[in-house]
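Asks:
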Amino acid sequence: MNLLRWLVVILSIFIAVILQPILLTRLNFPGATVDLILVLICAWAIAKGPIVGASAGFIAGLLIDLTPPTEPIMGLNSFALVLIGFVVGLLGVKPSKSFFRPLLIVAFASVVLIMLKAALTSIFESPVAFSRVSELLFTQAIYTSLLAVFVIPLVTWLDRKLGPTSRADELRL
Amino acid sequence: MRDNGRVRAVLAVLLLVSLTLTIIDIRSSEGALLKTLRATSANVLAPLQEGVFNVVNPIRDFFTNYSELVNARQRARELEAQNVELQEKLKTSDDARRRASELDALLDIAALGSYRVVPARVIAIGPKQDFSWSITIDAGSSDGITSNMTVLNGQGLIGRTSSVTPDSANVVLLIDKSSRVGARISGRGELGFASGEDLPDEIQFELFDPIANLEVNDILLTWGSEDGQPFAAGIPIGRVVSVQSKPGLLTKSARISPFVNFSSLDLVGVVIESPRTDARPVISPTTSNQEPQAEQSE
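Protein chains in written order, with my numbering: chain A, 979 to 1151; chain B, 113 to 410.
(1) Between MET1053(A) and chain B, is any beta-carbon pair separated by less than 8 Å?
(2) Within 8 Å, do at least three Cβ pairs link the segment 227-234 of chain B to the segment 243-261 of chain B?
(3) Can you find a C-beta in chain A that's less than 8 Å from the C-beta of LEU286(B)?
(4) CB-CB under 6 Å to ASP288(B), same chain, minus the five flanking residues each way: which ones, in chain order?
(5) Name the chain A residues whose beta carbon is nearer than 8 Å to that of PHE243(B)?
(6) Should LEU461(B) and SER298(B) be called a contact, given that it needs their Cβ atoms to be closer than 8 Å?
(7) Please confirm if GLN161(B) has its CB atom under 8 Å from at least one CB of chain A.
(8) Just by C-beta distance, which residues in the segment 247-259 of chain B are closer than 7 Å to chain A?
(9) Distance cutoff 8 Å, beta carbons only. Does LEU1046(A) sit that close to anything in chain B?
(10) Does the beta-carbon of TRP1022(A) have 16 or more other beta-carbons within 10 angstroms, so that it is buried, or is it exposed?
(11) With burial defined as no fewer than 16 other Cβ atoms inside 10 Å of the residue's Cβ, what is the status of ALA217(B): buried or exposed?
(12) Buried or exposed for VAL125(B), please, with buried defined as at least 16 other CB atoms from any protein chain shown within 10 angstroms of its CB.
(13) Please list the segments of the beta strand (DSSP E) lying wholly inside the segment 255-332 of chain B, counting only runs of 3 or more residues, in order along the chain.
(14) How many Å lie between ARG210(B) and ARG300(B) at the Cα?
(15) Does DSSP put GLN356(B) in a helix, in a strand, or in coil?
(16) Cα separation between ARG351(B) and PHE165(B)?
(17) Since GLY381(B) and VAL229(B) should fall inside the 8 Å C-beta cutoff, what is the C-beta to C-beta distance between them, to a whole number of angstroms?
(18) Hey, could you find the ends of the beta strand (DSSP E) ALA232(B) is sitting in?
(19) Answer yes or no: does any C-beta atom of chain B fall closer than 8 Å to that of ALA1032(A)?
(20) Please report the residue range of the beta strand (DSSP E) in which ILE140(B) lies.
(21) For the alpha helix (DSSP H) containing PRO1028(A), list its first residue and its last residue.
(22) In chain B, which residues lie with their C-beta within 8 Å of the C-beta of VAL1060(A)?
(23) Could you check the C-alpha separation between LEU198(B) and PRO1080(A) for me, to the nearest Å?
Structure below.
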């Protein structure tokens, strides 16, 4: 991983964090808001492994905490997203030609993220109703995997444009 | 194997840093490092969001809604209409029209004319899976907005401002879990609390008096805080959908459907100046010195 690649990762996440509350929350699909940030973290994690995944999650979490309108307790978003990025990176390590495997991984990540956030919110703020969570889980799994159809090829293309890296390179940061 | 160890170390460090931030944030008070950091970043990011919003919004509007492709003059007309609609709603929300003038005095509607409202547009909306409901508007302290001010639109009460930067303000919506508003039933004046339930189209109302009459389709109005902050008086909140009376409980509760459609917020108003205190009739003559509204703020 060279500096340029890290800059591209950070910039793409920054753009997603800025655009999400402006555009995606206005779409008003039933259930959850389409989570571009999560899909982007997953795409980088699948492309570049657990370290990049976890780091991308950490950066995204901090940016979410600092971006209006939400004012959550600092660190909880990054805690959840680091775990997600890491696990997705591990799952994505096995090179796969399958079209559906990455989509399934992203859907799985979205489900885990909502449950993690519900748990963290319940612990640190106020208890979350189960009915709310179940409604979000289903819709979010569908939205994120649909979005991943576009985002994952885009990130893979971007990654290839930036030149080749070996797997060992990625692990060495 | 050495690589595996490094991967685990990175994970552990990132998780630890996250949790450390959480603990610092929970334990720190206002003005501490993290809060200052957040305020500073909001100062930088909110104008950026507004800029991106201004670029992206016309494109979005072009595809979604032609009537949104408008200039400032039309927005002013919208605001006038909003104002008229709001006053109209306040006047007509009582079922007993013949007692309108009497009730108006009671509900402080006469005083509403002297509220000063700053118009603002919604820039950013929090994601629904966040288990909190908040928005950012494009007016801030340079427009006279401070924290804990009433936010409303033509339909009714939206919420109150929380943190404010020079050019933007965050608004905690009525439906957020942390939201609690003193409310009374229009026309009868029974008092209670309306609190958010984390649901987009439902809030809970608790009536103080367990034997007071509460019926479906009753309308709730804010009862007003001292000096109109955080909540100005007489603003429509919602309509009673169903009444639950649990035996053994000291209060009677009801589910309320808010008048505001929280999924399509665009133009809002912030009440920056409440009317002069002498313009407001005192509800209870015996407690005029104690300000019965004071206990209502959260």
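By construction, the Cβ of each residue, glycine as well, lies at the ideal position given by its N, Cα and C atoms.
Replies: Per the coordinate set shown:
(1) The question names Met, yet the displayed sequence has Gly at residue 1053(A). It does; some Cβ of chain B falls within 8 Å.
(2) Cβ pair count under 8 Å is three or more, so yes.
(3) The Cβ of LEU286(B) sits no closer than 8 Å to any Cβ of chain A.
(4) For ASP288(B), where only same-chain residues beyond five positions count, the Cβ hits under 6 Å are SER244, TRP245 and GLY308.
(5) Near PHE243(B) (Cβ distances below 8 Å), the residues of chain A are LYS1095, ALA1096, THR1099, GLU1103, VAL1106 and ARG1110.
(6) This structure does not reach residue 461(B), given that chain B is present from 113 up to 410, and the question cannot be answered.
(7) GLN161(B) has a beta carbon lying within less than 8 Å of a beta carbon in chain A.
(8) Within the segment 247-259 of chain B, the residues whose Cβ lies closer than 7 Å to any Cβ of chain A are, in chain order, ILE247 and THR248.
(9) Looking at the sequence shown, residue 1046(A) is not Leu but Pro. Closer than 8 Å to some Cβ of chain B, the Cβ of PRO1046(A) qualifies, so yes.
(10) The C-beta of TRP1022(A) has 16 or more other C-beta atoms within 10 Å across all chains shown, which makes the residue buried.
(11) With a pLDDT of only 46 at ALA217(B), under the threshold of 50, the placement of this residue in the model should not be trusted; the figure read from the coordinates follows. By the neighbour-count rule (16 or more Cβ atoms within 10 Å), ALA217(B) is not buried but exposed.
(12) A residue is called buried when at least 16 other Cβ atoms come within 10 angstroms of its Cβ; VAL125(B) does not meet this threshold and is exposed.
(13) The qualifying runs are 262-265, 268-276, 281-285, 292-297, 303-311 and 314-319.
(14) The pLDDT assigned to ARG210(B) is 46, lower than 50, so where the model puts this residue is not dependable, and the model offers no usable value.
(15) The three-state reading of DSSP puts GLN356(B) in strand, counting E and B together.
(16) Looking at the two C-alpha atoms, the distance is approximately 33 Å.
(17) Right, their Cβ atoms sit about 4 Å apart.
(18) Membership of ALA232(B) in the beta strand (DSSP E) is indicated by the continuous run 228-237.
(19) Cβ-Cβ to chain B under 8 Å: yes for ALA1032(A).
(20) In the sequence as presented, Ile is not what sits at residue 140(B); that position holds Ser. Boundaries for SER140(B): no beta strand (DSSP E) harbours it, and the DSSP string shows neither H nor E there.
(21) 1028-1044 is the extent of the alpha helix (DSSP H) around PRO1028(A).
(22) When 8 Å is used as the limit between beta carbons, VAL1060(A) is near these residues of chain B: LEU123, LEU126, LEU127 and SER130, in chain order.
(23) Going from the Cα of LEU198(B) to the Cα of PRO1080(A) covers about 51 Å.
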